[in-house]
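For the sequence shown, the residue numbers in the working numbering are 5 to 121.
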Amino acid sequence: MNPFWNVICLFMVLAVPYESLFISYKSWVYSPEDGVVCDKGKKQCFNGLGFSPELTKQYFDEDQVHTSDSVPKLVQLSNNVICDFDSKQCKSDIYGKDEYYERILFLNNQLISSINR
5 MNPFWNVICL FMVLAVPYES LFISYKSWVY SPEDGVVCDK GKKQCFNGLG
55 FSPELTKQYF DEDQVHTSDS VPKLVQLSNN VICDFDSKQC KSDIYGKDEY
105 YERILFLNNQ LISSINR
């Protein structure tokens, strides 16, 4: 067999495990329901107001959720999206990801608050 093809086949075989790691890394942050984002890497869930101990207990089956008196209003998720819960904005280097998480976290809360007025 041609040595060139041997090298190509070797790279293809070696690339598969790394790609599966990348795919699982991307799915660390997910939205189990409208208005909620959960981060498997941090084992935390967030709603439009910020960190939610109740949602974290619900989605991660954690008996003890570590909470502190000061809830951070700026959070970096495992996929490097940064959400600011004061300004209701998310930032990301990847096009469209920031808007996606803004819609999940903040759009539903804005609609509900405008309906209740």
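Note that the Cβ used here is the ideal one computed from N, Cα and C, for glycine as well.
Relative to the C-alpha of Tyr-63, which candidate in Ile-108, Val-41, Gly-100 has its C-alpha closest?
Checked all of Ile-108, Val-41, Gly-100; the closest Cα to Tyr-63 is Val-41.
The beta strand (DSSP E) enclosing Lys-95, as first and last residue numbers:
Taken as a continuous stretch (DSSP letters only), the beta strand (DSSP E) holding Lys-95 covers 93-95.
Hey, Leu-109 and Asn-51 are a contact pair by Cβ (cut 8 Å); roughly how many whole angstroms apart?
Contact between Leu-109 and Asn-51 holds: their C-beta atoms lie close to 7 Å from each other, under 8 Å.
Inter-residue CB distance, Ser-96 and Gly-45 (contact presumed, cutoff 8 Å)
That pair is no contact at about 16 Å.
Report the CB separation of Tyr-105 from Val-85 in whole angstroms; it is logged as a contact under 8 Å.
Contact holds; Cβ gap of about 5 Å.
Ends of the alpha helix (DSSP H) at Asp-102?
101-106 is the span of the alpha helix (DSSP H), which, as asked, contains Asp-102.
Let me know if Ile-119 comes out buried or exposed under the rule of 16 or more other beta-carbons within 10 Å of its beta-carbon.
Low confidence applies to Ile-119: its pLDDT is 45, below 50, so where it sits in the model is not reliable enough to give any reading.
Given a threshold of 16 other Cβ atoms within 10 Å of its Cβ, counted over all protein chains shown, does Gly-100 qualify as buried or as exposed?
Classified as exposed, Gly-100 has fewer than 16 neighbouring CB atoms from the shown chains inside 10 Å of its CB.
Straight-line gap, Asp-38 to Pro-76 (C-alpha atoms, nearest Å):
Taking the straight line joining both Cα atoms gives about 22 Å.
For Asp-43, count neighbouring Cβ atoms within 10 angstroms of its own Cβ and tell me buried if that reaches 16, exposed if not.
So Asp-43 ends up on the buried side.
Relative to the alpha-carbon of Lys-47, which residue among Phe-89, Leu-53, Glu-66 has its alpha-carbon at the smallest distance?
Of Phe-89, Leu-53, Glu-66, the residue nearest in Cα terms is Glu-66.
Excluding the 5 residues preceding and the 5 following Phe-89 in the sequence, name in chain order all residues of the same chain whose CB lies nearer than 7 Å to its CB.
Annotation for Phe-89: Leu-53, Gly-54, Lys-77 place their beta carbon closer than 7 Å to its own, counting only its chain and skipping 5 residues before and after.
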